[in-house]
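Asker: Could you have a look at this structure, given as structure tokens, before my questions?
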Amino acid sequence: MLKKFINKVKHLVEQNKDNSKIHKKDKVVYKEEIVKPDKNNKISEIKEVKKDGIHNEDRTYNESKEHKKEKIENKSIEIVSEDDKCYIKDIKIKRGMSIKAIDVYTKEERVFKTHKECAKNLGIPIEYIKENLKYGYTDYLGGAIKYLSKELNLEKEYESYLDSNKKPSQILTILNNKIFTSKISKEKREEILCSDKLDPVKMHYIFECIDEEYDEYFNKYKSIIKRGGKKKVELIDTKGEVIEIFKSLDECANHLKKDKKEVVKMLKEKNTKVGRYEIRYSLRNI
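What the sequence shown shows, in this note's numbering, is residues 24 to 309, in sequence order.
Laid out in structure tokens, this is it:
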């Protein structure tokens, strides 16, 4: 009787090896056979456990992967507020680094390392690019502004019109009004009014700032850039090793023999080269 029972157990064990996994479409069925002799020498139970589609290990790995992806996406969304977008765009325009030019008619895209390179290759003024980036204009007003300011002897006043707190459209309106209020001859006034240089130029291109280098810089130093108070600055060599640490912007400016405003501007815009060296915000605690 005992021999017969042992043979039966062996047979069930062999059967268990062959049938341990049964695949059904999107489910995997695991058969787990538990053999227990009871008082009557009978097989006590056979348990069947079902699991959806994939192994537990695979499920854990995939869930972990999705969680990491979600964290990365949330992080990237978190850093770009509307205020940050405006600030970053303004600095990128001032930096004049990598940019994409899009032909409004053919939709052809071209990428340039700097705004100057872009202007030179496309044969357009640098202000043409800045007006579109800063104000979204599709008509270039800079030509008319330059012409009027020259003819009305106001060149110095409007030389840097894009740095004004007024929009180019407002400046052009002011200059148009001055045609009639300025002390110029009737002939000169007629000459100005008849000039085709008064007309805005329809833009052939629109532009997008790229400058990923500044995106990385802003993300790293955002908390320091946007807050007031004391800010530590480090002087580093070409290997990235710290040569000196300045406890304040004033101390840094004095050491470099520069105006403090210039140092602040350099750091904000990541224009941080100083001869053979470079300056950067310090992340060390003050």
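All C-beta atoms in this analysis are idealised placements derived from N, C-alpha and C, irrespective of residue type, glycine included.
Alpha carbon to alpha carbon, what distance is there between Glu105 and Lys220?
Answerer: Start at 1 with the first residue of the sequence shown, and residue 220 comes out as number 197. Start at 1 with the first residue of the sequence shown, and residue 105 comes out as number 82. Distance between the alpha carbons of Lys220 and Glu105 is about 37 Å.
Asker: Using only alpha-carbon positions, find the residue among Ser218, Asn188 and Asn176 that is nearest to Lys206.
Answerer: The residue you call residue 206 lines up with position 183 of the sequence shown. When each option's Cα is compared against that of Lys206, the closest is Asn176.
Asker: Thinking just about the alpha-carbon of each residue, which of Lys225, Glu214 and Ser218 is nearest to the one in Leu164?
Answerer: Translated into the one-based positions of the sequence shown, residue 164 becomes position 141. Here the closest residue by C-alpha is Lys225.
Asker: Under a three-way DSSP split, which group does Arg299 fall into?
Answerer: On the sequence shown, position 276 is the one that residue 299 refers to. DSSP places Arg299 in coil when its eight states are reduced to three.
Asker: Nearest by alpha-carbon distance to Thr161: which of Tyr181, Val127, Asp234 and Glu132 is it?
Answerer: Counted from its first residue, the sequence shown places residue 161 at position 138. When only C-alpha atoms are compared, the closest one is Val127.
Asker: Which residues mark the beginning and the end of the beta strand (DSSP E) in which Ile125 is found?
Answerer: Against the sequence shown, residue 125 aligns to sequence position 102. From DSSP, the beta strand (DSSP E) with Ile125 extends over Ile122 to Asp126.
Asker: Hey, would you say Ala167 sits closer than 8 Å to Pro223, going by beta carbons?
Answerer: Against the sequence shown, residue 167 aligns to sequence position 144. Against the sequence shown, residue 223 aligns to sequence position 200. Against a cut-off of 8 Å, the Cβ pair of Pro223 and Ala167 comes out as a contact.
Asker: Count the other C-beta atoms from every protein chain shown that fall within 10 angstroms of the C-beta of Ile122, then say buried if there are 16 or more, exposed otherwise.
Answerer: In the sequence shown, the residue the question calls residue 122 occupies position 99. Ile122 is buried by the Cβ-count criterion.
Asker: In terms of residues, what are the limits of the beta strand (DSSP E) holding Glu264?
Answerer: The count along the sequence shown starts at 1 and reaches residue 264 at position 241. From DSSP, Glu264 is part of no beta strand (DSSP E); its letter is neither H nor E.
Asker: Go to Ile168, then tell me how far its alpha helix (DSSP H) extends in each direction, as first and last residue.
Answerer: What you label residue 168 is simply residue 145 of the sequence shown in a count that begins at 1. It spans Gly165 to Glu174 - the alpha helix (DSSP H) in which Ile168 sits, taken as one unbroken run.
Asker: Counting C-beta neighbours from all protein chains within 10 Å, is the total for Glu213 16 or more, i.e. buried, or is it exposed?
Answerer: Counting from one through the sequence shown, the residue named residue 213 turns up at place 190. When all chains shown are included, Glu213 counts as exposed.
Asker: Let's test the definition: count the other Cβ atoms within 10 Å of the Cβ of Val286 and tell me whether it reaches 16, buried, or not, exposed.
Answerer: The count along the sequence shown starts at 1 and reaches residue 286 at position 263. Buried, by the Cβ-count rule.
Asker: Any idea what DSSP makes of Tyr181, helix, strand or coil?
Answerer: Locating residue 181 in the sequence shown gives position 158, counting from the first residue. DSSP places Tyr181 in helix when its eight states are reduced to three.
Asker: Considering Cα atoms alone, identify which of Asp282, Lys291 and Lys189 is closest to Asp238.
Answerer: If you number the sequence shown from 1, residue 238 lands on position 215. When each option's Cα is compared against that of Asp238, the closest is Lys291.
Asker: Give the single residue among Gly146, Lys169 and Ser305 whose Cα lies nearest to the Cα of Leu258.
Answerer: Sequence index remark: in the sequence shown, residue 258 carries index 235 (1-based). Closest by alpha carbon: Ser305.
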